[in-house]
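Residue numbering for the sequence shown follows the working numbering, beginning at 49 and increasing consecutively. The C-beta atom is built at its ideal place from N, Cα and C for all residues, glycine as well. Heads up: the structure comes next, in structure tokens.
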Amino acid sequence: MDAEENLKSRKFTSKKFGKNFTWGVSVAAYQIEGAHDLHDKKPSIWDTFTSKKGVIHQDHHAKKSCDFYHNYEEDILLLKKMNIPNFRFSLSWSRILPDGIGQISESGIAYYNRIIDFCLKNEITPWVTLYHWDLPQALEDKGGWTNRAIVSWFEYYTTVCAEHFGDRVKNWMILNEPMVFTGAGYFLGVHAPGKKGLSNFLPAVHHATLCQALGGRIIRKLVTNAFIGTTFSCSYITPINKKYKNVQAAKRVDAMLNRLFIEPSLGMDYPYKTVPILKKIQKYMLPSDVENMIFDFDFIGIQNYTREVVKHSYFVPYLGVKIVEAPKRNVDTTLMNWEVYPKSIYKMIKKFNAYEGVNKIFITENGAAFKDAVIDGKVNDVERRNFFINYLQQVYKAKKKGLKIDGYFVWTLMDNFEWAEGYHPRFGLIHVDFKTQKRTVKESGKWFSKFLKPD
Ligand code: BGC
Numbered sequence: 049m050d051a052e053e054n055l056k057s058r059k060f061t062s063k064k065f066g067k068n069f070t071w072g073v074s075v076a077a078y079q080i081e082g083a084h085d086l087h088d089k090k091p092s093i094w095d096t097f098t099s100k101k102g103v104i105h106q107d108h109h110a111k112k113s114c115d116f117y118h119n120y121e122e123d124i125l126l127l128k129k130m131n132i133p134n135f136r137f138s139l140s141w142s143r144i145l146p147d148g149i150g151q152i153s154e155s156g157i158a159y160y161n162r163i164i165d166f167c168l169k170n171e172i173t174p175w176v177t178l179y180h181w182d183l184p185q186a187l188e189d190k191g192g193w194t195n196r197a198i199v200s201w202f203e204y205y206t207t208v209c210a211e212h213f214g215d216r217v218k219n220w221m222i223l224n225e226p227m228v229f230t231g232a233g234y235f236l237g238v239h240a241p242g243k244k245g246l247s248n249f250l251p252a253v254h255h256a257t258l259c260q261a262l263g264g265r266i267i268r269k270l271v272t273n274a275f276i277g278t279t280f281s282c283s284y285i286t287p288i289n290k291k292y293k294n295v296q297a298a299k300r301v302d303a304m305l306n307r308l309f310i311e312p313s314l315g316m317d318y319p320y321k322t323v324p325i326l327k328k329i330q331k332y333m334l335p336s337d338v339e340n341m342i343f344d345f346d347f348i349g350i351q352n353y354t355r356e357v358v359k360h361s362y363f364v365p366y367l368g369v370k371i372v373e374a375p376k377r378n379v380d381t382t383l384m385n386w387e388v389y390p391k392s393i394y395k396m397i398k399k400f401n402a403y404e405g406v407n408k409i410f411i412t413e414n415g416a417a418f419k420d421a422v423i424d425g426k427v428n429d430v431e432r433r434n435f436f437i438n439y440l441q442q443v444y445k446a447k448k449k450g451l452k453i454d455g456y457f458v459w460t461l462m463d464n465f466e467w468a469e470g471y472h473p474r475f476g477l478i479h480v481d482f483k484t485q486k487r488t489v490k491e492s493g494k495w496f497s498k499f500l501k502p503d
């Protein structure tokens with residue numbers, strides 16, 4: 049049944065997933081808050097990165113963005129009106145600890161208290177991500193994720209958050225997509241802080257892996273009844289054909305994109321066998337690290353958008369693989385040039401479900417950017433609505449087959465700052481006019497509300 053037909057039948061609703069299934073939307077501090085230098089807040093690496101010329105689409109920045117800092121009441125009320133019971137947002141480290149360590153900002157703490165309290169008052173459950181990529185610049189000046197001292201900086205930051213918010217916030221995620229912030233930020237240099245090469249990437253990966261587990265341990269110790277997870281980006285990887293070297297290439301990409309951060313947390317260490325170059329990471333490891341990378345997460349958050357098709361290439365250093373981009377494959381794509389491939393989400397649930405030691409799985413992000421236009425006060429984003437229906441059918445298939453799948457969060461509540469792509473791609477259920485800050489619930493948003501509460 050295709051999405052259109054499904055919509056007609058109206059039988060496909062959240063009810064099918066049972067009443068214990070968790071539904072929500074996700075956002076991230078830097079992408080929505082604005083108020084980049086209000087009160088005590090000092091720059092994060094994204095404030096610095098976006099101030100450079102030519103690194104972001106049309107030199108966009110997020111000084112104001114959706115101005116969620118000031119509009120949070122209106123936005124949370126919209127969430128409530130849309131029947132969305134869970135709100136995943138991240139904390140800005142440099143709003144809470146302007147220098148990354150040391151002095152706590154009372155205004156930063158007060159701001160997140162206001163958000164948490166307003167959510168609870170409106171019966172919306174907060175799901176907090178500790179780190180969604182906006183490292184305090186003061187820490188980057190000391191090497192950021194490449195400096196092993198980040199383990200103690202992160203310990204301090206996590207402790208402060210747990211002590212201030214842990215009485216009311218019970219659902220915690222330690223990191224958002226470590227592969228993306230280390231890969232794009234410390235290997236390719238296309239995200240903040242713009243560092244490149246293996247000598248930045250490998251220590252950043254290792255320190256992120258240590259923080260991922262340590263963060264879990266701290267929340268476990270300090271927050272009563274905490275439900276603790278962390279999130280991973282993941283894509284279904286397929287070789288371009290069945291040739292041996294392409295199949296091997298696909299395995300290497302799969303190890304890097306899908307296995308690199310979860311396996312050490314399960315006590316399996318890094319996937320050296322599949323990607324031998326990873327052995328170089330041992331230079332940054334102490335003997336007790338293999339043990340310290342382990343944490344028994346209550347849940348794993350997987351974030352899936354697309355699949356990747358890959359082939360072997362002699363010319364690409366280290367991995368020897370090339371991604372065959374979607375526009376070259378004559379397939380449906382989103383505005384990010386990502387293939388629309390609903391089966392990917394099923395494959396990923398299945399993959400993570402197969403690990404012994406994974407307790408529960410939540411889709412903590414899934415969504416799509418399409419060209420949206422406001423016409424007569426409406427955004428008729430049929431493509432996005434169909435995207436959700438088709439991906440959700442795959443999530444449902446996983447559930448029906450008895451795989452562990454306990455919740456689903458849309459990326460994202462409202463259009464916002466899409467990192468290196470600026471404001472060009474819009475992913476929201478709500479359209480934002482960035483000049484006037486006007487919010488317009490898109491047709492996909494209206495569909496989601498009905499899907500959640502069909503009667
Ligand atoms: C990130 C989000 C981002 C989204 C769409 C994820 O990688 O967690 O911050 O906006 O994908 O690109």
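Option in the options with minimal Cα separation from residue i
i    : options                   : result
V73  : F347, R433 and W175       : W175
G231 : H254, H212 and M221       : H254
N170 : K190, K129 and W193       : K129
I163 : P146, S140 and P184       : S140
L187 : E469, P319 and T96        : T96
A252 : F229, D165 and V271       : F229
G66  : R487, T460 and I453       : I453
R300 : S313, I285 and K290       : I285
R265 : F280, D302, G242 and E339 : E339
T177 : P365, C209, L223 and N385 : L223
W181 : Q151, V295 and F137       : F137
Y78  : K63, F116 and T272        : F116
V122 : F496, D337, F363 and M462 : One point to set straight first is that residue 122 is Glu, not Val, in the sequence displayed. Residue M462 is the option with its Cα nearest to E122.
K100 : Q485, A468 and F482       : A468
Y292 : H360, E491, F69 and K243  : H360
T412 : N134, Y318, V217 and H212 : N134
I155 : K90, G242 and L183        : With the sequence shown as reference, residue 155 is identified as Ser, and Ile is not the correct amino acid for it. Looking at the Cα atoms, K90 is the closest of the given residues.
F166 : S283, R216 and A446       : R216
H212 : H105, I152 and P390       : I152
E81  : K111, S336, G493 and V103 : K111
L258 : D317, H118 and K448       : D317
Y366 : I149, I325, L168 and E373 : I325
D337 : K486, P312 and K321       : P312
E52  : K243, F482 and V430       : V430
Beta-carbon proximity check, residue i vs residue j, cutoff 8 Å
i    : j    : result
D375 : A417 : Reading the sequence as shown, one finds Pro at residue 375 and not Asp. Their beta carbons are not under 8 Å apart, which means P375 does not touch A417 by this criterion.
I288 : V358 : yes
F410 : F457 : yes
V388 : F435 : yes
A297 : I93  : no
A256 : P226 : yes
G277 : F347 : yes
K328 : L383 : no
H108 : G476 : no
W220 : A261 : no
L308 : G405 : no
F345 : N407 : yes
K370 : V379 : no
V323 : M341 : no
T460 : G415 : yes
T484 : V422 : no
F499 : S62  : yes
G191 : L183 : no
G455 : T70  : yes
P390 : N438 : yes
K494 : I478 : no
Can you check the segment 422–465 for any alpha helix (DSSP H) of at least 4 residues that lies completely inside it and give the ranges in chain order? Those alpha helix (DSSP H) runs which fall completely within the segment 422–465 and span 4+ residues are 430–448.
Cβ pair count under 8 Å reaching 3, the segment 348–365 against the segment 388–407: Counting C-beta pairs with one atom in each stretch, the segment 348–365 and the segment 388–407 have three or more that are closer than 8 Å, which means they touch.
At which residue ranges does the segment 368–426 contain complete alpha helix (DSSP H) runs of 4 or more residues, listed in the order of the chain? List check, alpha helix (DSSP H) in window: 391–401.
Just checking, does the segment 441–454 make contact with the segment 417–430 on the three C-beta pairs under 8 Å criterion? Touching, no.
Count the CB pairs spanning the segment 72–89 and the segment 145–163 that are closer than 8 Å, and state whether there are at least three. These segments touch.
Can you give, in chain order, each stretch of the alpha helix (DSSP H) that sits fully within the segment 270–358 and has at least 4 residues? Segments of the alpha helix (DSSP H) lying fully in the segment 270–358: 292–302, 310–313 and 337–340.
For the pair the segment 199–206 and the segment 144–151, tell me if three or more CB-CB distances fall below 8 Å. With the cut-off at 8 Å, the segment 199–206 and the segment 144–151 touch.
For the segment 317–334 against the segment 261–278, are there 3 or more C-beta pairs whose distance is under 8 Å? Fewer than three pairs of CB atoms, one per stretch, sit closer than 8 Å, so the segment 317–334 makes no contact with the segment 261–278.
Any beta strand (DSSP E) of 3 or more consecutive residues that is wholly inside the segment 125–151: Those beta strand (DSSP E) runs which fall completely within the segment 125–151 and span 3+ residues are 134–138.
Run through the segment 464–491 for me and flag every whole beta strand (DSSP E) of 3 or more residues, listed as ranges in chain order. Here the runs fully enclosed are 478–481 and 486–489.
Hey, which unbroken runs of the beta strand (DSSP E) at 3 residues or more fall wholly within the segment 195–251? Counting only runs of 3 or more, we get 219–223.
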